[in-house]
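Read through the structure below, which is laid out as C-alpha cells, and then see the notes.
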Amino acid sequence: MKNKTLHPEDFIGRSEDVARMLIGAVLLVDGVGGRIVETEAYDREEPASHSHGGPTPRNESMFGPPGRAYVYRSYGIHWCLNFVCREEGHGAGVLIRALEPLHGMALMRARRGLQEPRLLCSGPGRVGQALGITREFDGRRLDQPPFHVLAADEPSRIVAGPRIGISKAMELHWRFGLAGSRFLSRRFADPLD
DNA sequence: GTCGCGATTTTCT
DNA sequence: GAAAATCGCGACT
C-alpha cells in the first residue's frame, strides 16, 4: 500500500477531525514505532487543554505551525507526544495515546524493559518511552526526520468516548480508537460513533 | 479484576 | 503548595 507521508497541510483542521484521521496512520521515530490506534483531541476553546489559558513556556509549540510536535512532561515522569493542528496561533493538538507496535520491536522492548508487545505502546507515557521521545523533539516538523508519519491506507472503523485522566469537559467525546484493537490503553465503555 | 498509592517535575496560583 | 492529558506494583475482593 502506497501510504503517503502526511505534511503540514494535512494537520490544518479541527483537532477532533485530525484525531480521527490519524487512527490507522503509521508513526515512526528514527524508524521505530507502529500504527496509531488511539488519539485524543485538545483545543484552546475547551478547558481540559494545556492551551486553554493561552501561551506559556511549556505549551508554546501548541501555538506554533500545524504539523509539528508538542512534547510535554506528564506527572514529572513521562514524555507525551502531540501533533499540533488547526492553524498557527490557535493552540490545538492531538495526543498520541497508543500504537500497535510494528517496527523496531527489539529497541522498544529494550527501552520499556519488557517483552509483551501488548504493553509496549498502550498509553501516552508508554508511547513516549518506547519511541525515545524527549523535550528535544518539541516543535520539530512531523514530515522530517526523525519523524515519519504515513497516512492510513484504508478507512478505519473508529470508536469514540470521553478523554482519560482529565476532570473537565467530560461531555466531549474526543478520545478516538481503532475498533477492536488489542493495543488500546483502555476499553471504550460505550463504543459510540 | 479493581483499588490505591508512590514516583517525580513542571507549571501556575 | 497543589494539581497534573500517567504508570507500575502490591493488596484485596
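In full-length UniProt numbering, the protein residues as written are 1 to 193. By construction, the Cβ of each residue, glycine as well, lies at the ideal position given by its N, Cα and C atoms.
Subject >> Candidates 91, 85 and 83, of which the one nearest residue 48 by Cα >> reply: 91
**OP:** Give the C-beta separation of residue 37 and residue 99 to the nearest angstrom, bearing in mind that I take them to be a contact with Cβ-Cβ under 8 angstroms.
**Re:** 6 angstroms
**OP:** Note the first and the last residue of the continuous beta strand (DSSP E) segment covering residue 99.
**Re:** 92-103
**OP:** Using the DSSP secondary-structure output, state which residues sit across from residue 71 in a beta bridge.
**Re:** 81
Original post:
Can you tell which of 130, 178, 10 and 166 has its C-alpha closest to the C-alpha of residue 28?
Top reply: 130
Subject >> Of the residues 165, 182 and 65, the one placed nearest residue 174, counting alpha carbons only >> reply: 165
Original post:
Taking the C-alpha atoms as reference points, what is the distance between residue 72 and residue 154?
Top reply: 31 angstroms
Original post:
Taking Cβ positions, are residue 69 and residue 143 nearer each other than 9 angstroms?
Top reply: no
Original post:
In three-state DSSP terms, what is residue 28?
Top reply: strand
**OP:** Find the nearest neighbour of residue 14 within the set 179, 87, 184 and 180, judged by alpha-carbon distance.
**Re:** 87
Original post:
Is the Cβ-Cβ distance between residue 176 and residue 149 less than 9 angstroms?
Top reply: no
**OP:** Please report the residue range of the beta strand (DSSP E) in which residue 175 lies.
**Re:** 175-178
Subject >> Euclidean distance between Cα positions of residue 161 and residue 172 >> reply: 8 angstroms
**OP:** Determine, using beta carbons only, whether residue 19 and residue 45 come nearer to each other than 9 angstroms.
**Re:** no
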